[in-house]
Structure formats: structure tokens, C-alpha cells
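Reading through the C-alpha cells given below for one structure.
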Amino acid sequence: MNRLSWFNVVSLTLGFAFLYIPMVILVIFSFNESKLVTVWAGFSTKWYGEVIRNEAFLDAAWVTLRVAFFSATIATVLGTMAAYAMMRRGAFVGRTLFSGMIYAPLVMPEVITGLSLLLLFIAIGLDRGVLTIILAHTTFAMCYVSVVVSSRLVSFDNSLEEAALDLGCTRFQAFMSVTLPIIAPAVIAGWLLAFTLSLDDLVIASFTAGPSATTLPIKIFSSVRLGVSPEINALSTIIIGIVTVGVLVASVLSKRQIAQARRDEAMADQAEG
Amino acid sequence: MVNEAAFHPWDDPDATPLIRIEGVTKTFGDFTAIDDVSLSIYGQEFFALLGPSGCGKTTLMRMLAGFETPSAGRITIDGTDMAGVPPNKRAVNMMFQSYALFPHLSVWDNIAFGLKRDGLDRDLVGARVDEMLKLTQLGKLARRKPHQLSGGQRQRVALARAMAKGPKLLLLDEPLGALDKKLRQETQFELMDIQEKTGTTFVIVTHDQEEAMTVASRVAVMDQGRFMQVDTPDRIYEAPNSVYVADFIGDVNLVPARVRQLRDAVMLDWAEGKRFFAKPVGDLTVGQEVTLAIRPEKIAISREVPEEPNRVKGKILDIGYLGNLSTYHVELPEGPVIKCEVGNRSRLSRRDFSWDDEVWLSWSDTAGLVLSS
Amino acid sequence: MLRVFTAIPYVWLLVLFLVPFAIVAKISVSDYAISIPPYTPTLDFSEGWAGVNAFFAALDFENFTFLAEDELYWKAYLSSVQIAAIATFLTLSVGFPIAYGMARAPREWQPALLMLVILPFWTSFLIRVYAWIGILANEGFLNQFLMWLGVISEPLQILNTNWAVYIGIVYTYLPFMILPIYASLERMDPSLLEAAEDLGCSRTAAFWHVTWPLARPGVIAGCFLVFIPTVGEFVIPSLLGGSDTLMIGKVLWEEFFNNRDWPVASAVAIILLLILIIPIVLFQRHETKERERGA
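As C-alpha cells, then:
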């Protein structure tokens, strides 16, 4: 399939332009002197200064990071356990319900998840705040983690675990010393996904956050409702920058690792010949 | 086998077997993988379970390792009933078909893995790992990771790791399946060497009959969850007890026939007015339908009428030149096509026989076997 | 150990996923009250069985009758499904050529192209929607550009219409459409097309007889992945849509936060869920079938 027709070239060009031009415009206008977002009035970084001085943004960012860190971490533990249990256990009572509950949150509209969790917190008298957001985010993020980890476990060579058992490990030791280190990249990917999902989430956080805790998306949403502002552009640019750098670094690192592994294998095969 | 002359515990009624498999059955749902089998394996044996895929050999091995539990029957190792003993509590180690080397650990750490589980002293672990590295000639590769090794090296690491704990019984699941033919042959002899040096009991699972014949002191030929024959390699080849075994091991000509007379040799009718003579296996009755089995290399081919009582005339249908051997497919006027193999002792400038030549085939009356099942 | 690994996430999901639904279901058959919490009845165990009986006696399907009678809700459900369906079709039309182009690109470019598709997915959803406000506004870049070209003389009203919602959905959900289609096209053996041409197909015929059937599982998966979440979408209609853009996610939000009518909001949620169960079950079946075929 290595012949690109003009049609392919055009659709790729237009497609990626469509994906990236809005972002580029957003970034460019974060450096605009004027308060008007759509009219260029000269280069300035003053909006970045505004963002950094805006305590409400900083507080919200701090809450968001804490929530994302804790919910991603708990979700990774629970999601990995769930994926492993589903993969290794045969039939057990309530298996269908269990797998249903793992997959359902992936397709559940956020408004419903948010509403139902809020009603639960009220019913049990739990004050809304950072804790309730963490609980809510953990619940839907663990499902994503479990999907990522399961897809790795599918290709996991079962005999590695059997070898560990054969050499004297208990099941738990085999999991900790063999399975976990090998599936670690998937677990880390799951954590990163859970972390970004939590950072991103507006709807569920809006339902489960109390007046004492506001996350960055909630803050951004309420100011965006009032219209565009260069300050939000600047804040968005910072977020886009961090994410882009993070994703690029991660992909370069993993690419290098793969390349190294290929070289090693090639050398090993040569040694034999 | 090097030690064959002296080593025959299975013929000694006083010998105590290391492993006793008694009336073991294993079912998975409706499917019966192992069907009521019994077997004794003796200490220091190199025992091969041989059969096509799906015959139950791997299931039987996994029951010895403790990954499967028998649905019925009993397995004892060294006198201890293994029921309920998990794999990590058995003095049995396994070399996996995929080798199952831990990709995140170095060769050294892979070999040390089982020893560390036993809570052995650091120095003892080190000493034992070094010993294993030496035994398998892996010394220089100790710091490498599995993906930096060639197929043959990985195979040796897997062996070293499984041997490290000094198990009473080592299970090898298709240990050489992933290697190419030449390397496989070399490694077969290495395996036998190591087995002999350490005196460990080996049970190997394989579908490769040549491999089983080369390495094993005894071979169990399996089919559909049962043992067809358990015997030494030479007996399996020279005295198969059934058509299945004869056909599975090596090449064989099978001619359906009927018993005509029973004396020292059996007289068989195989076509209208045509007779063969052969040695019987088991009880036969006159008039019984049987199969005559003759190995191709036991048949001579000639232009002149041979002396042997078993002789037939036919036409050459096909010639296969294999370098060391030539195979001739000879069609008899009565219908059957007989394969015959001749060693090429001297370089051929031209072939003795050619397509469509009329030739005589002959064999002694001890060459053929009469099989009733 | 496997028991523990099952039990902990199981209990977590029971408490934080299943129980909340039971509560939503229960409140949807309760009555609105000006109190805290703003619904009645509440279960009172202090009165023993009488309390439990009284509790069940007070439940009714009034809220559902209300939803059925009020035109607003009917229309909101219908228009959510309609907007989601149109947006899914548009996303497919934009996404397929991109996925197709990616699959035909030289092998060594493909990881980079894939990266370019996935990258926006990691960036905040909210920011990606926000970026379009400045573009689609009356004085926004799109109108400026079109007027500069001379295509139009007066700014088009795009922001706060359904068109803006479509654009927003296509933009944010595009990766969900491209990735499964690309995955099924990428697996395709290029010699299949050569074989088809060799056997007498034209390029176009080869596309319809070979490429399209092989891409179909990816297309179906992509459509479900876009359609299902879009039906309940809230952010896009509330930021890009107008006052006449009716979407049920927005209605639920307003019912809850602005009117504080929890019983009606719960009833809205229950019906939304019932509507979505059909495509969700279809999607699950499709995925299971594909997995079995792959295995």
C-alpha cells in the first residue's frame, strides 16, 4: 500500500490541518497584546503573567493535580487487579456482573455517572470535596486501566507464571516478581491514561465537587461560558505544551527501547550463525 | 544409549519406581485427555512421551508438574501422593516449550530465581548458579537478558534454570522444538550428556520420533489419551505391538493378509495364491485378518530372482534419491505398492535401476512382523 | 489471592457504580420536595415495617408520566439521537479518507501519523472545544477568512447553532473514528488489491469489493464509539450550541443544577440509559464477534 494517490495526500493534508489549525490559532493568540482574542495587536506574554498571578487558577490546578494523582494511583491498583482476576479466573459467581461493571462506565454518559455518584454521596452523608472527586474519578478511570492492562495480559505468555510457580513461588510471589514487572509498561500507560482522564474531566467533577474544591476544568468552564479570553488561551497553551512534551518524550523513549531490543536480537542471531 | 547395557530397572521386579501413575484419567468437560493410564518411571531414567499433538502427552506432563489435577487415579513421586501438592511444593521442575525465560531478568537472575525462593544463602545461590552456568557452557553470557540470546542459548538457560534446584524429576516439554534441525541434533547429545552427568530423572514430551528414539531409555507412544506401547527405542522400532506404533515410528510397508498356517513362521495369504512368511506377534488363529509390517530398509531389490522365500516381482514406479539412501516405490501386479530403501555405498555414476524396470523384491522371514491390531 | 484480586475491585464497583444506579432509579420514582435532600419519601427504618411499606407506597411513576407528557423532553431525546447520528455520519466522512490515507502511507511514516492522530486525544477535551469558539464566532477567524476571500459579504451565524455542535463533535471525536478504521485497513494485505486488479477489477471496483468489506468492522466500531457518548454529550452543546440546540445531557444538567428537581433529573437519566442500552449491547456483540473471528 505504499502508493499515495493525490486523493490520499489531499485528505491527509486537510485532515491534519483540521486537527491542528484550531490549536495553532489558540496558541498564537495566547501571545496577543489585545484583550480581543480575534484581532492581532502585537506580541506579548502578559497573559501568561496574569495566569500565574491568578490564585483561583493556581488553587484549582493544585486540587486537580492532587485528585488526578490519587485517583490514577488507586485506579491503577484496582484496574490491574480486576484485569488480572478476569483473565486468570474461570467461571465464578457474578462474573457476568463483574465484567459488565468493568465495561459499562466506558460507555456511560458522564452526566449519568456524575449524577448517580452525587446522589450516593448525599445518601450516605459524605461531604463533597476532594475526597468525593477522587472516589468518582477512581471509579471510572479503573475501567480504562483494566481495559489497557487486559489487552496486555491477552498476549502474556502464561508459561512465564507457571515457570515461577514451578520454581517455588506462591501465586502472589509469581504475580509480583514476574507478571507485574513484565506488564509494567501497560500498567504505567494505564496510570497515565487515568491521570489525563482525571485532569480532563469536567462533568463528573462538577457533580461531585463541593464548594470547597474546584478543579481546573470547572474553573475554565465557568470562565469560558462568559466568552473567550486571552487568559484562557494562555492557560490552554501551557496545558497543551505540557501534554505534548510529555507524550513526545514518552514515545521517543519507548521507540528507543524497541530499537535497542531489535539491535540486541540481531546481534544474538548473528552470534549463533 | 550409552548406559543401556547396565541400566534396565524396568525389568527388575525388586526395583522401586520413582514415579507411579496409577489409573489416571483427566477430562476437560466432555473431552477425555488422559484415559485411565498406569505407568512406572524409575530413577535416572530418560523417559519420552511420544505422540501426535492432542494425544494427551502434555496433559500428562502437566499433571506431574502439578498444573493439572487428575480427574481420577493417583500419582506418587518418591512414595508421596501428589494429590493437593501445588507446583511450588514439588521437587519437580519443568523446562517449558516456550522456555518461559523471564524477560526482565538476566541469565544469572533467571537461573538464581528458584534458588532464591528457597531462601538459600547468597553465597550458596552464587555457587550453584555458577555451577549451572558451567554445566551448560553459558559462563560468558551471565549478564545478558534473554532477548540478547540466540535460540540455542535460550534453550540452555531454560535447562540451567530448571536444573538449578536439583529436582528429583525434570520435565522437558518439546525442549528442542524451537531449534533448527542441525542444532537440534547437537543439542540432543548435550541433553543426554547432562542427564547422565547429573543422574536426574528426565521425562521429555515430544512429537518428534527421531528425537525420542535418540535420547530416551524408554519411550511411551501415546494416542488419544492412552499408551499404545511403552518400551525401549529398539523394541519400539523392531517389535511394534500394533499397526499404529509401526506406522508412527519410521517408515513401514503395511500389507493386509490372512493367516493360513501357524508353525515356527506364520504363512500368510496376501493375494490370490500369494504367500509370505513372517514371525508372529501375540496369539494368532488360522483365518485371522492381520497386517504384515516390513521396514523398507529390510527389503532387498535385485534384477535376478532372489533366494529368499519372501519374494515378489514388480515395476518401479518412483525413485527418490536422498543422498545417503535411495527409495524405490515398486508396484506389484496384485495392487500394493512396496517401498524399499537401499543405502548408496559407492558414488553412483549411473543408476542401477530406472523407472518402469521390472525388479524383484525380497526379505527374510524374520524381517516382517504380523500385527493383529 | 485471585479471590482477593476479584473481591476488592468487585466491592468497589458494587458500592460506587451499581448502588448509585439503584439510588438514581429510586429517586426517579420519588416526588420533588423543597427540603434537603430535595425529594420525598426517604427511607425511615425507625418505624420498622410500617416505614418500609409507607416508603414503597409513596413511590410512583409520576415523573415518567411528566416526561412523556412534556414535549420538551421528547424533543430533547429525539434531537440528541438525531444530532448524534448526523455527527457520526459526518465524522465517518471526514475520518475515513484520513484513515485510508494513513494506511496507504509509507510504513515508516505510519507511527508518526498515528502519533499525530492520538496527540490531540491526550489534550484537554474542554480546551479543544474552546478553541472553536474563537474560530466560529461572528467576528471569528472563519468568518474573517471567508469575507477576505470574498465568498460572503456578511458574517455567517455558525456559533450557537447545530452546525457548531456538529463541527465540535467531529473535531473532538475524530480520533475514535480514525483509529479503529486505520487498525482494520492497516492489517490488510496490499497484495489483495493487486490480486483484485489482476482478476479484472478497476481501482474503484477493487476498493468497493475488497477494501470496503475489510474496513467495515473498523467503520462499525468507530461509529459506535462516536455515537454512544455523543448522545449524552454536555460540554459541546453548552459551549458551541445555541438556545435552540436541544440535547438531553444539557437538559439533565439544567434540571439538576438550575431547577434542582432531582427526581425529574433522575428520570431523565434512567430514560437516557434505556435509550443507550440498545447501541451499547449491539456494540458489545459486534466486538465479541470480531474478537472471536480474530482468534
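Chains as they are written, first to last, in our numbering: chain A, 1 to 273; chain B, 274 to 646; chain C, 647 to 941.
For glycine and all other residues, C-beta sits at the position ideal for the given N, C-alpha and C.
Neighbour list for residue i in chain B, Cβ cutoff strictly below 7 Å
{"i": "residue 170 (chain A)", "result": "361"}
Unbroken alpha helix (DSSP H) run spanning residue i, endpoints
{"i": "residue 332 (chain B)", "result": "330 to 338"}
{"i": "residue 630 (chain C)", "result": "Past the boundaries of the shown model lies residue 630 (chain C); chain C is included only from 647 to 941, so the question cannot be answered."}
{"i": "residue 31 (chain A)", "result": "Here residue 31 (chain A) belongs to no alpha helix (DSSP H), and DSSP marks it neither H nor E."}
{"i": "residue 508 (chain B)", "result": "506 to 511"}
{"i": "residue 869 (chain C)", "result": "858 to 877"}
{"i": "residue 604 (chain B)", "result": "It is not in any alpha helix (DSSP H) - residue 604 (chain B) instead sits in the beta strand (DSSP E) that spans 598 to 604."}
{"i": "residue 46 (chain A)", "result": "46 to 53"}
{"i": "residue 847 (chain C)", "result": "Premise fails: residue 847 (chain C) is in no alpha helix (DSSP H) and is neither H nor E."}
Residue i at chain C interface by Cβ criterion, 9 Å
{"i": "residue 35 (chain A)", "result": "no"}
{"i": "residue 226 (chain A)", "result": "no"}
{"i": "residue 267 (chain A)", "result": "no"}
Exposed unless 16 or more other CB atoms sit within 10 angstroms - verdict on residue i
{"i": "residue 594 (chain B)", "result": "exposed"}
{"i": "residue 40 (chain A)", "result": "exposed"}
{"i": "residue 241 (chain A)", "result": "exposed"}
{"i": "residue 124 (chain A)", "result": "exposed"}
{"i": "residue 20 (chain A)", "result": "exposed"}
{"i": "residue 299 (chain B)", "result": "buried"}
{"i": "residue 506 (chain B)", "result": "buried"}
{"i": "residue 311 (chain B)", "result": "exposed"}
{"i": "residue 896 (chain C)", "result": "buried"}
{"i": "residue 599 (chain B)", "result": "buried"}
{"i": "residue 641 (chain B)", "result": "buried"}
{"i": "residue 139 (chain A)", "result": "buried"}
{"i": "residue 849 (chain C)", "result": "exposed"}
{"i": "residue 651 (chain C)", "result": "buried"}
{"i": "residue 858 (chain C)", "result": "exposed"}
{"i": "residue 45 (chain A)", "result": "exposed"}
{"i": "residue 416 (chain B)", "result": "exposed"}
{"i": "residue 586 (chain B)", "result": "exposed"}
Proximal residues of chain C, C-beta to C-beta of residue i below 8 Å
{"i": "residue 217 (chain A)", "result": "770, 772"}
CB contact below 9 Å: residue i versus chain A
{"i": "residue 418 (chain B)", "result": "yes"}
{"i": "residue 422 (chain B)", "result": "yes"}
{"i": "residue 887 (chain C)", "result": "no"}
{"i": "residue 387 (chain B)", "result": "yes"}
{"i": "residue 934 (chain C)", "result": "no"}
{"i": "residue 338 (chain B)", "result": "yes"}
{"i": "residue 365 (chain B)", "result": "yes"}
{"i": "residue 875 (chain C)", "result": "yes"}
Terminal residues of the beta strand (DSSP E) in which residue i lies
{"i": "residue 543 (chain B)", "result": "539 to 544"}
{"i": "residue 534 (chain B)", "result": "526 to 535"}
{"i": "residue 313 (chain B)", "result": "304 to 314"}
{"i": "residue 616 (chain B)", "result": "610 to 616"}
CB contact check: residue i to chain B, cutoff 9 Å
{"i": "residue 165 (chain A)", "result": "yes"}
{"i": "residue 261 (chain A)", "result": "yes"}
{"i": "residue 187 (chain A)", "result": "no"}
{"i": "residue 63 (chain A)", "result": "no"}
{"i": "residue 173 (chain A)", "result": "yes"}
{"i": "residue 304 (chain A)", "result": "An answer regarding residue 304 (chain A) cannot be provided, because it is not within the stretch 1 to 273 covered by chain A."}
{"i": "residue 178 (chain A)", "result": "yes"}
Proximal residues of chain B, C-beta to C-beta of residue i below 8 Å
{"i": "residue 264 (chain A)", "result": "418, 420, 421"}
{"i": "residue 183 (chain A)", "result": "Near residue 183 (chain A) there are no residues of chain B at all, since even the closest Cβ is about 10 Å away, more than 8 Å."}
For residue i: DSSP bridge partner residues
{"i": "residue 354 (chain B)", "result": "B:349"}
{"i": "residue 497 (chain B)", "result": "DSSP output for residue 497 (chain B) lists no bridge partner at all."}
{"i": "residue 442 (chain B)", "result": "B:365, B:474"}
{"i": "residue 685 (chain C)", "result": "C:678"}
{"i": "residue 635 (chain B)", "result": "B:573, B:584"}
{"i": "residue 502 (chain B)", "result": "B:494"}
Distance cut-off 8 Å: residue i Cβ against heavy atoms of the ligand HEM
{"i": "residue 165 (chain A)", "result": "In the structure on display, the ligand HEM does not appear, and there are no ligands present to speak of."}
Where residue i meets chain A, residues with beta-carbon distance less than 7 Å
{"i": "residue 302 (chain B)", "result": "What residue 302 (chain B) touches in chain A: nothing, since even the nearest Cβ is about 12 Å away."}
Under 8 Å by beta carbon: chain A residues contacting residue i
{"i": "residue 391 (chain B)", "result": "168"}
{"i": "residue 379 (chain B)", "result": "Ordered by position in chain A, no residue passes the 8 Å Cβ test against residue 379 (chain B), which lies about 13 Å from the chain."}
Interface residues of chain C facing residue i [CB-CB closer than 9 Å]
{"i": "residue 276 (chain A)", "result": "Chain A is shown from 1 up to 273; residue 276 (chain A) falls before or after that span and cannot be answered."}
message: What are the residues in the region 135 to 169 of chain A lying within 8 Å of chain F by C-beta distance?
response: Of the protein chains in this structure, namely A, B and C, none is chain F.
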